[in-house]
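Report on the structure given below.
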Amino acid sequence: VKMSPVPSLPAPSPLFNFFRFATILLSIGLIPSVFHYYGVFSPKALLRDDNELIRPATSTNGLMATTKNITSPTLKFDKVMQPTDSNTPPAVKRQLVVHAGPPKTGTTTIQTALELNRQLLYDSSKYQYLGKITTFHKKICPSDIPFCVDHGFLTSTKLPKVFKNVMEQLHQDGTNAFISLEGISFQIASTDNIYNSSKVMFDTFSELRNDWNLTIVLVYRHYFEWVLSLYNQIEKPTVNKPHYNEWPDLQNVTNVKESTLCSFTDWYRALREGSLVSWCNIKEARYKNQEYHPLEWTYRRFVEKYEGIEVKVYNLHQEGDLFQNFMCQAVPDVEDFCTILKKGGGMNAPQMNPSRNFQYDRLVMEAYKTGLLLSSTGNRKKKRKKLQERFPDMVSRPNFKYLCPSDAELKELLQMSLKYERTVHINHFCVLKDSKCSTEYFEKLEDEQVKSFQNYIQSHKFCHWDVGYILENDKGVQDWFKADGK
Numbered sequence: 002v003k004m005s006p007v008p009s010l011p012a013p014s015p016l017f018n019f020f021r022f023a024t025i026l027l028s029i030g031l032i033p034s035v036f037h038y039y040g041v042f043s044p045k046a047l048l049r050d051d052n053e054l055i056r057p058a059t060s061t062n063g064l065m066a067t068t069k070n071i072t073s074p075t076l077k078f079d080k081v082m083q084p085t086d087s088n089t090p091p092a093v094k095r096q097l098v099v100h101a102g103p104p105k106t107g108t109t110t111i112q113t114a115l116e117l118n119r120q121l122l123y124d125s126s127k128y129q130y131l132g133k134i135t136t137f138h139k140k141i142c143p144s145d146i147p148f149c150v151d152h153g154f155l156t157s158t159k160l161p162k163v164f165k166n167v168m169e170q171l172h173q174d175g176t177n178a179f180i181s182l183e184g185i186s187f188q189i190a191s192t193d194n195i196y197n198s199s200k201v202m203f204d205t206f207s208e209l210r211n212d213w214n215l216t217i218v219l220v221y222r223h224y225f226e227w228v229l230s231l232y233n234q235i236e237k238p239t240v241n242k243p244h245y246n247e248w249p250d251l252q253n254v255t256n257v258k259e260s261t262l263c264s265f266t267d268w269y270r271a272l273r274e275g276s277l278v279s280w281c282n283i284k285e286a287r288y289k290n291q292e293y294h295p296l297e298w299t300y301r302r303f304v305e306k307y308e309g310i311e312v313k314v315y316n317l318h319q320e321g322d323l324f325q326n327f328m329c330q331a332v333p334d335v336e337d338f339c340t341i342l343k344k345g346g347g348m349n350a351p352q353m354n355p356s357r358n359f360q361y362d363r364l365v366m367e368a369y370k371t372g373l374l375l376s377s378t379g380n381r382k383k384k385r386k387k388l389q390e391r392f393p394d395m396v397s398r399p400n401f402k403y404l405c406p407s408d409a410e411l412k413e414l415l416q417m418s419l420k421y422e423r424t425v426h427i428n429h430f431c432v433l434k435d436s437k438c439s440t441e442y443f444e445k446l447e448d449e450q451v452k453s454f455q456n457y458i459q460s461h462k463f464c465h466w467d468v469g470y471i472l473e474n475d476k477g478v479q480d481w482f483k484a485d486g487k
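Take the position in the sequence shown, starting the count at 1, then add 1; the result is the number in our numbering.
Written out as structure tokens, the structure is:
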């Protein structure tokens with residue numbers, strides 16, 4: 002019998018061979034290395050603290066993996082990426098927006114709003130938010146975000162490299178990126194040794210400029226408001242400040258002072274005069290050069306570091322919603338997102354970083370130092386809470402007294418704030434207005450700031466309680482402490 006020749010099958014396509022090869026490697030647990038070679042993803046970049054590989058849920062290209070075991074992932078192929086051909090035209094640059102603060106300029110409100118609206122931001126303008134994550138999510142990176150920056154990112158030598166790998170994948174997906182981390186401004190504008198501790202992070206930003214349009218966004222706030230808000234942030238007792246929650250050794254003078262909350266008067270003197278006050282923590286308030294507003298000094302350092310970079314400055318003092326104004330005025334390529342916000346879409350951010358009254362702690366510490374209160378009567382945190390519950394209207398009691406900065410010190414603070422504002426507006430704001438920096442323009446600015454400053458004075462925001470006077474003259478408070486604060 003004469004048999005017909007068997008027709009030859011077509012040679013397997015490269016794509017078929019790729020899937021067959023991938024299947025073999027998957028079975029022996031080596032598949033992550035192959036995808037890393039083809040530029041699909043970096044396992045290190047996507048490995049989270051819970052040992053989970055994760056891609057953004059909104060991604061439409063490349064590899065999507067979700068697993069608790071890195072050696073045996075569950076894979077979803079949307080589109081396999083091949084090595085780039087040498088003749089392929091260069092990829093379009095995407096937007097990388099770095100909101101760098103400075104601290105105490107509405108950063109927590111902006112960050113929380115970005116957390117709440119991150120899906121809307123992606124769907125409308127294809128921006129991936131990469132943190133910082135606030136206490137709204139208990140500072141834990143949500144599973145739909147491939148990488149979250151935090152304060153550890155500032156000085157790490159490893160995290161910026163992981164960040165760069167994630168950025169490579171986002172770029173391949175055609176996704177823009179947004180990070181908000183107020184500590185960046187302090188690192189770049191501070192002393193050289195602090196700046197150098199963040200060299201890896203700053204160098205990573207430089208390297209990313211080859212494929213990304215890097216935009217730095219800074220926020221301006223009146224100096225007197227900023228410096229008082231930063232003082233409150235630094236000095237308020239929190240769980241991560243044990244020396245503000247434990248009883249000091251009364252035989253150790255240094256320990257007692259360092260465990261006592263610094264008054265704004267002493268704190269501001271230490272800041273302006275450069276004097277050393279052991280119990281006053283200046284921290285990020287002390288920028289390298291006080292000739293300029295912290296915003297202006299930060300701006301100058303960014304321009305020096307990154308030639309040709311775009312640095313946008315947003316004015317906190319304007320009518321309307323902070324988050325909407327910030328996004329629509331300072332962030333590129335978010336027109337659709339802004340349209341939604343202006344129509345009432347999106348979610349509002351709750352207040353996540355409220356001011357705290359720590360004057361009760363100062364009163365408790367004064368009673369402890371003078372012997373009215375013994376440490377054996379309870380821990381410090383509970384004691385100040387009980388004191389506030391017993392005397393919620395302390396400032397209304399007849400034997401109450403404030404201690405405030407002198408008139409000369411307040412005048413100096415106001416003049417410094419007005420001087421800074423004039424410089425900031427000349428350099429960043431008034432050129433955009435028809436008035437062209439007219440006399441009337443600056444007179445209006447000065448009137449508005451002076452009025453706000455006077456409101457602060459009338460509200461005693463620059464003052465602190467005269468705790469010594471209260472203990473000497475308020476018998477009700479004395480008796481409460483003598484009864485062991487019960």
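For every residue, glycine included, the Cβ atom is placed at its ideal position computed from N, Cα and C.
Endpoints, beta strand (DSSP E) assigned at phenylalanine 95: Residue mapping note: residue 95 aligns to position 94 of the sequence shown, counting from 1. Sequence check: residue 95 is arginine here, not phenylalanine. Here the beta strand (DSSP E) through arginine 95 covers 95-100.
Limits of the alpha helix (DSSP H) - the one that serine 181 falls within: In the sequence shown, counting from the first residue as 1, residue 181 sits at position 180. Run containing serine 181: none in the alpha helix (DSSP H); it sits in the beta strand (DSSP E), 177-181.
Best match in Gln416, Asn474, Glu183, Asp145 for proximity to aspartate 448 [C-alpha to C-alpha]: On the sequence shown, position 447 is the one that residue 448 refers to. Closest by alpha carbon: Gln416.
The region 358-365 touching the region 376-390, judged by at least three CB pairs closer than 8 Å: yes
Contacts around isoleucine 189, its chain only, beta-carbon distance under 8 Å, and the 5 residues preceding and following it disregarded: By 1-based counting over the sequence shown, the position of residue 189 is 188. Within the same chain, isoleucine 189 has close Cβ partners Ala101, Tyr196, Ser199, Phe203, Thr299, Arg302, Phe303, Lys306.
Residues bridged to glutamate 311 (per DSSP): Taking the first residue of the sequence shown as 1, we reach residue 311 at position 310. Answer is Thr216.
Contact check, valine 99 vs isoleucine 235, beta carbons under 8 Å: Along the sequence shown, one-based indexing puts residue 99 at 98. Along the sequence shown, one-based indexing puts residue 235 at 234. Their beta carbons are not under 8 Å apart, which means valine 99 does not touch isoleucine 235 by this criterion.
8 Å contact criterion, which valine 312 and leucine 219 should meet: CB distance rounded: In the sequence shown, the residue the question calls residue 312 occupies position 311. In the sequence shown, the residue the question calls residue 219 occupies position 218. Sure, about 7 Å apart at Cβ, within 8 Å.
8 Å Cβ cutoff met for glutamine 120 and leucine 171: By one-based count along the sequence shown, residue 120 stands at place 119. By one-based count along the sequence shown, residue 171 stands at place 170. Not closer than 8 Å, so no.
Cutoff 7 Å; reference alanine 114; Cβ partners in own chain excluding five residues on either side: In the sequence shown, residue 114 corresponds to position 113, counting from 1. Closer than 7 Å at the Cβ level, and outside the excluded window around alanine 114, lie Phe324, Ala350.
Residue burial classification, glycine 184 (beta-carbon count within 10 angstroms, cutoff 16): One-based indexing of the sequence shown puts residue 184 at position 183. The residue is buried, with at least 16 neighbouring Cβ atoms inside 10 Å.
Rounded straight-line distance, which links the Cα of serine 144 to that of tyrosine 421: In the sequence shown, counting from the first residue as 1, residue 421 sits at position 420. In the sequence shown, counting from the first residue as 1, residue 144 sits at position 143. Going by the C-alpha atoms only, they are around 42 Å apart.
Cβ-Cβ distance between asparagine 214 and lysine 94 below 8 Å: Position 213 of the sequence shown, counting from 1, holds the residue named residue 214. Position 93 of the sequence shown, counting from 1, holds the residue named residue 94. Yes. Within cutoff.
Nonlocal neighbours in the same chain, by C-beta distance under 8 Å from aspartate 337, ignoring five residues either side: To locate residue 337, count along the sequence shown from 1; it is residue 336. Correct list, in chain order: Ser125, Ser126.
Same chain, Cβ closer than 7 Å to glycine 469, neighbours up to 5 away in sequence not counted: Position 468 of the sequence shown, counted from the start, is the residue given in the question as residue 469. Answer for glycine 469: Glu367, listed in chain order.
Aspartate 485 in three-state terms, based on DSSP: Stepping through the sequence shown from its first residue, residue 485 is reached at position 484. Aspartate 485 falls in the coil class under three-state DSSP.
Inter-residue CB distance, phenylalanine 265 and tyrosine 232 (contact presumed, cutoff 8 Å): Walking along the sequence shown from the start, residue 265 turns up at place 264. Walking along the sequence shown from the start, residue 232 turns up at place 231. Yes, phenylalanine 265 and tyrosine 232 are in contact; Cβ-Cβ is about 5 Å, under 8 Å.
For glutamine 129, the residue or residues it bridges with in DSSP: The count along the sequence shown starts at 1 and reaches residue 129 at position 128. DSSP, once it has assigned bridges, lists Ala178 as partnering glutamine 129.
Extent of the continuous alpha helix (DSSP H) to which phenylalanine 295 belongs: In the sequence shown, the residue the question calls residue 295 occupies position 294. The question names phenylalanine, but residue 295 in the sequence shown is proline. Taken as a continuous stretch (DSSP letters only), the alpha helix (DSSP H) holding proline 295 covers 295-306.
Lysine 383 versus aspartate 174: straight-line alpha-carbon distance, rounded: Here residue 383 refers to the residue found at position 382 of the sequence shown. Here residue 174 refers to the residue found at position 173 of the sequence shown. Cα to Cα, lysine 383 sits roughly 52 Å from aspartate 174.
Exposure of cysteine 438, with buried meaning 16 or more beta-carbon neighbours within 10 Å: By 1-based counting over the sequence shown, the position of residue 438 is 437. Answer is exposed; the Cβ neighbour count stays below 16.
Straight-line gap, arginine 1 to serine 460 (C-alpha atoms, nearest Å): Not covered by the structure: residue 1. The range shown for the chain is 2 to 487.
Straight-line gap, asparagine 246 to tryptophan 268 (C-alpha atoms, nearest Å): Here the question's residue 246 lines up with position 245 in the sequence shown. Here the question's residue 268 lines up with position 267 in the sequence shown. Asparagine 246 and tryptophan 268: Cα-Cα distance of roughly 20 Å.
Inter-residue Cα distance where the pair is threonine 109 and aspartate 151: In the sequence shown, counting from the first residue as 1, residue 109 sits at position 108. In the sequence shown, counting from the first residue as 1, residue 151 sits at position 150. Cα to Cα, threonine 109 sits roughly 13 Å from aspartate 151.
Per-residue DSSP class, three states only, for histidine 465: What you label residue 465 is simply residue 464 of the sequence shown in a count that begins at 1. If DSSP states are grouped into helix, strand and coil, histidine 465 belongs with the strands.
Endpoints, the alpha helix (DSSP H) within which cysteine 339 is located: In the sequence shown, residue 339 corresponds to position 338, counting from 1. 336-343 is the extent of the alpha helix (DSSP H) around cysteine 339.
Test item: CB-CB of glycine 107 and leucine 317 under 8 Å: Counting from 1 along the sequence shown, the entry for residue 107 is found at position 106. Counting from 1 along the sequence shown, the entry for residue 317 is found at position 316. Their beta carbons are under 8 Å apart, which means glycine 107 touches leucine 317 by this criterion.
CA nearest to the CA of lysine 370, picked from Asn118, Trp248, Phe225, Leu117: Here residue 370 refers to the residue found at position 369 of the sequence shown. The candidate whose alpha carbon is nearest that of lysine 370 is Trp248.
Span separating the alpha-carbon of valine 201 from that of leucine 342: The count along the sequence shown starts at 1 and reaches residue 201 at position 200. The count along the sequence shown starts at 1 and reaches residue 342 at position 341. In a straight line, the C-alpha of valine 201 is about 36 Å away from that of leucine 342.
For proline 406 and valine 365, the rounded distance between their alpha carbons: Here residue 365 refers to the residue found at position 364 when the sequence shown is read from its first residue. Here residue 406 refers to the residue found at position 405 when the sequence shown is read from its first residue. Between valine 365 and proline 406, the C-alpha separation is close to 22 Å.
Own chain partners of isoleucine 141 with C-beta closer than 8 Å, once the 5 adjacent residues on each side are dropped: What you label residue 141 is simply residue 140 of the sequence shown in a count that begins at 1. Excluding sequence neighbours, isoleucine 141 sits near Ile134.
Host alpha helix (DSSP H) of alanine 368 (start-end): Position 367 of the sequence shown, counted from the first residue, corresponds to residue 368. Element bounds for alanine 368: 360-370.
Reduced DSSP secondary structure (H/G/I, E/B, other) of asparagine 316: Along the sequence shown, read from residue 1 onward, the residue named residue 316 stands at position 315. It is a strand residue.
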